[in-house]
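Here the sequence shown is numbered in the numbering used here, starting from 6 and rising by one per residue. Ideal placement from N, C-alpha and C gives every residue a C-beta, glycine not left out. Data first, discussion second: the structure below is written as structure tokens.
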Amino acid sequence: MKKAWQAFVGAIKKTWTYVTKIFKCVFYWLKWIFLLFFLGSSTYAGIWLWQIYQNLPGYDPYFNYNPYQTSYILDKNGKILGCKAWENGWRDIVYPQNIKNMRAARIILAAEDKRFYSRNFMVFDLKAIIRAQAENYNAGKIVEGGSTIPQQLVKQLLSPEERFEKTYERKIKEVMLAFGLFWKFNKNKDAILALYLSELAMDHQRYGVEAAARFYFNKTASELTISEAAVLASMIKSPATRSPTKENPARAKEARDVVLFKSLQEKVISKAEYEQALKEPIVISDEFTKVCNFDGHLMDYTAREINKYGLVFDPKGENEAWHGIRIHLTIDKEMQIFAKEGVKKALETYHAKYKERAIDAEGAFLTIENGTGAILAMVGGNDYSRRKFNHVFGDRQDGSSIKPFIYSAKFEEDMEDGKKPETLLDRNVSNAPMACRSTWNPKTKSWTIWSPRNFDEKKFRAANYSRRMAIAQSINRPAVWTAQVGKCALNPRVTMMVRRLGITSPFDEHLPSALGASSISLYQMVRAYSVFPNKGSLYKTYMISKITNFRGEIIAKHGLPEKQKDCGKYALVKTSYKTVQKGKRVVQQEIKEKEEIKLECGISEVLAGVMVDALRGTVKFGTARSFNSLPQPVAGKTGTTEGYKDAWFIGFTTNITFGGWVGGPESYEESLGDRATGGSIAGPISKYVLENWYAPNESIPFPEETDGYLQSIIDPKSLEKEMKDLGNIEDAEAPSD
6 MKKAWQAFVG AIKKTWTYVT KIFKCVFYWL KWIFLLFFLG SSTYAGIWLW
56 QIYQNLPGYD PYFNYNPYQT SYILDKNGKI LGCKAWENGW RDIVYPQNIK
106 NMRAARIILA AEDKRFYSRN FMVFDLKAII RAQAENYNAG KIVEGGSTIP
156 QQLVKQLLSP EERFEKTYER KIKEVMLAFG LFWKFNKNKD AILALYLSEL
206 AMDHQRYGVE AAARFYFNKT ASELTISEAA VLASMIKSPA TRSPTKENPA
256 RAKEARDVVL FKSLQEKVIS KAEYEQALKE PIVISDEFTK VCNFDGHLMD
306 YTAREINKYG LVFDPKGENE AWHGIRIHLT IDKEMQIFAK EGVKKALETY
356 HAKYKERAID AEGAFLTIEN GTGAILAMVG GNDYSRRKFN HVFGDRQDGS
406 SIKPFIYSAK FEEDMEDGKK PETLLDRNVS NAPMACRSTW NPKTKSWTIW
456 SPRNFDEKKF RAANYSRRMA IAQSINRPAV WTAQVGKCAL NPRVTMMVRR
506 LGITSPFDEH LPSALGASSI SLYQMVRAYS VFPNKGSLYK TYMISKITNF
556 RGEIIAKHGL PEKQKDCGKY ALVKTSYKTV QKGKRVVQQE IKEKEEIKLE
606 CGISEVLAGV MVDALRGTVK FGTARSFNSL PQPVAGKTGT TEGYKDAWFI
656 GFTTNITFGG WVGGPESYEE SLGDRATGGS IAGPISKYVL ENWYAPNESI
706 PFPEETDGYL QSIIDPKSLE KEMKDLGNIE DAEAPSD
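Next comes the structure, spelled out in structure tokens:
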């Protein structure tokens, strides 16, 4: 047995030795096979990864970041007046320095990449990837991505086909690109996050959290409530299905609530804030869309004004220089809103009063800042969608609103003749009837006679009126007598005065122009009136204060307020007579000579002061007495044209000059209706603007004197007698018929 056992043990040892040799041999070769496999696969993987790396897209879109951006038109205080988006949609860039004060950014991080700031140099989140894979496995479909913000961001660098591939190669590309982005941005995570927040697709052609905040809530991203920020954060994964504007608001609310819970978990918001945000309804605002289409007439004029800076507006956005620009206007949005409302209300009142007799009237309004020429408000019509014509620039018969220019010319002549300025307004002017030849009728072989008449012959029956009263009550015949030189001729001083006040429209140099027979635009009338409160100076108007690009760099800028000096030339025709012998007769031969006179813009400060005093009378006891109810002192003049076709009020305070007009659209010639005067139809536009724009009880009085010359010297008894003779006139404004 012993030998048998020893033989068995020896056989086992021999077998084990043999097996050991075999295993050593196998392990030896397996080691080399594994090594060769490892080297081969590593080489293959390296080559494969190198090829992927070599074919990675560049980072130029992010390093030379100049995407299509929304351009804005802003008022003098930075409020939005209009917007322009280009073909690639609406986008507003988020800047790194604004990240820290943007709670919406922290809520988005809680929803999309909670370890964004804590991962140091890692650009992928292994925990998130494992969690996502587990959730996808349990769901039997892809429900979670696990991509970090750098990965989501660089995905936009891939081709559209690659973005939607479900392959490891795409994921590897994302990781490589994300690492490269991280290092190329010098590990500046604020810059990476800002870029991400600028690139988010948020439905309705909105890109970036800022554009989305404006569109959905009419706020900047920093102004969003917690609930609103959570709504935007919830849209990132599926903007088309989670948009709060879709027909499934319950889905948007559910997605928002998930984000709110994540924000609570990450301690971005407190428990109280979480509970409050859950209760907050999702309220979408369409105000931003309205703001972007605020005023078509204003936007059209802005595009035209840009040319003054040597720039050509690019409506298609093909020129990158126009992407993200900010056009800063002198417009006061608050006044602009009141002006639009004033025009609308005036037309509604007109239609309510005249009912079926009312025409399809239009209205316009303009305000210019005194001392600068800056345009503060411009309403070109009641409804831009109906009529795109800007009635501020349409020439219309000016009616009695021309009369201040008539009297200015006469007062200047009087002062040149040595008359004291403080006596000019209290001098009398004739109210006697007159008859002038108008046109020759070859059929009847007779002249048509033009005979101006007053609005109410019974009321205005006195032989004379003081100039102050004639201006205030807009009495016609005194204005014609004031404008006349010789026999039924218009004093050339009137034409020269009109030109010196900046009016360039054709001016009919015949006596009927004293009552508004010529046509002048509202823009030119308001600008001309501004000379009076501007102490005689005519300022160049402007509406664009500066243009900046999206970086805030100035592209163009308006300089200091500029006075206009040159108002052109006037060919003055001088008539003289020479005695000549014709046969046996001695006759007077008429000789006409032209003298070219260079016109310097504006008037003297003293004359301007006289006119301020004169036009204050229109409000104190004249055709614009309704303005007396305002705490702010106002001066101005009403205007009504022949046949009540146009109604005007042009006025000023110490700091603004303004004007309202109502009439038929464009070249419409139909009457507004009987007694549709400037005081009753156009005046309410200006009054509405003033009573809403000025602070309650705000009162900036006109100076009582200008360089010691202007004093409101008037005999109280004389004025009292004139007022008694006139009676209690409801509206004594005289249409120029």
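Residues sharing a beta bridge with residue i, DSSP
i, result
"G664", "L371 and I655"
"Y77", "C88 and R331"
"V434", "Y470"
"K603", "K574"
"R96", "Y212"
"T584", "Q593"
"M420", "BP columns for M420 are empty, so no partner."
Reduced DSSP secondary structure (H/G/I, E/B, other) of residue i
i, result
"D571", "strand"
"K551", "strand"
"Q478", "coil"
"Y761", "Since the first and last residues shown for the chain are 6 and 742, residue 761 lies out of range."
"Y699", "coil"
"T546", "coil"
"G541", "coil"
"V499", "helix"
"T153", "coil"
"M107", "coil"
"I718", "In this prediction, I718 has a pLDDT of 47, which is less than 50 and means its spatial position is unreliable; what the coordinates show is noted afterwards. Residue state, collapsed to three classes: coil."
"G641", "strand"
"Q102", "helix"
"D262", "helix"
"Q341", "helix"
"I17", "helix"
"E444", "Before going on, a small fix: residue 444 reads as Thr here, not Glu. In this structure, T444 counts as strand in the three-state DSSP scheme."
"Q402", "strand"
"K119", "coil"
"H563", "coil"
Other residues of its chain near residue i: CB distance less than 6 Å, five sequence neighbours each side excluded
i, result
"A5", "This structure gives no information on residue 5, because the portion of the chain shown stretches from 6 to 742."
"I231", "I274, E278 and A282"
From the options, residue whose alpha carbon lies closest to that of residue i
i, options, result
"G94", "K81, N82 and T75", "T75"
"L79", "K589, G573 and L381", "L381"
"Y77", "I330, C572, A681 and I231", "I330"
"E601", "S609, Y575, F626 and D618", "Y575"
"I373", "I705, A629, Y534 and R108", "Y534"
"R556", "D97, L604 and S232", "D97"
"T659", "S390, I549 and A640", "A640"
"W119", "P155, V99, K18 and R504", "One point to set straight first is that residue 119 is Lys, not Trp, in the sequence displayed. The shortest Cα separation from K119 among P155, V99, K18 and R504 belongs to P155."
"S523", "F512, N469 and V531", "F512"
"D337", "V694, P701 and F707", "V694"
"I332", "N82, V24, N702 and P101", "N82"
"F632", "N469, G648 and F654", "F654"
"A366", "P701, E675, K192 and G668", "G668"
Same chain, Cβ closer than 8 Å to residue i, five either side skipped, listed in chain order
i, result
"G713", "In this prediction, G713 scores a pLDDT of 44, lower than 50, which makes its location untrustworthy; the coordinate-derived value is nonetheless stated afterwards. Nothing listed; no residue qualifies."
"W452", "R442, S443, T444, W445 and N446"
"N298", "G87"
Same chain only: Cβ atoms within 7 Å of residue i, ignoring 5 sequence neighbours per side
i, result
"T377", "Y544 and P566"
"A739", "Caution is warranted here: a pLDDT of 44 is assigned to A739, below 50, making its placement in the model unreliable, and the coordinate value is therefore given only provisionally. Result list for A739: S405, N459, F460, S479, I480 and N481, in chain order."
"R473", "L430, D431, A619, G622 and I719"
"E671", "F394 and G399"
"F465", "N436, N459 and I480"
"F416", "L429, L612 and V615"
"V624", "R630, F632, N633, V639, A640 and G641"
Below-8 Å beta-carbon distance, residue i vs any chain C residue
i, result
"N481", "Included in the structure is just one protein chain, with no chain C present."
Expected contact under 8 Å - CB spacing of residue i and residue j to nearest Å
i, j, result
"S510", "D431", "In fact, because the Cβ distance is near 33 Å, the residues do not count as touching under 8 Å."
"V159", "L198", "Their Cβ separation, rounded to whole angstroms, is 14 Å, which puts V159 and L198 out of contact at 8 Å."
"I112", "A234", "5 Å"
"F121", "K36", "Incorrect: roughly 44 Å between the Cβ atoms, too far for contact."
"Q402", "K650", "7 Å"
"E310", "M530", "Not a contact, Cβ separation roughly 20 Å."
"S456", "M616", "No, S456 and M616 are not in contact; Cβ-Cβ is about 28 Å, not under 8 Å."
"V434", "N387", "About 39 Å; that fails the 8 Å criterion."
"K587", "I596", "Not quite, the Cβ-Cβ distance comes to about 15 Å (not below 8 Å), so this is no contact."
"G683", "T643", "4 Å"
"W698", "M340", "5 Å"
"V384", "A344", "5 Å"
"V499", "I608", "Wrong, their Cβ atoms sit about 13 Å apart, outside the cutoff."
Cβ-heavy atom distance, residue i to the ligand ZN, below 7 Å
i, result
"A468", "Among the components of this structure there are no ligands whatsoever, and the ligand ZN is therefore not found."
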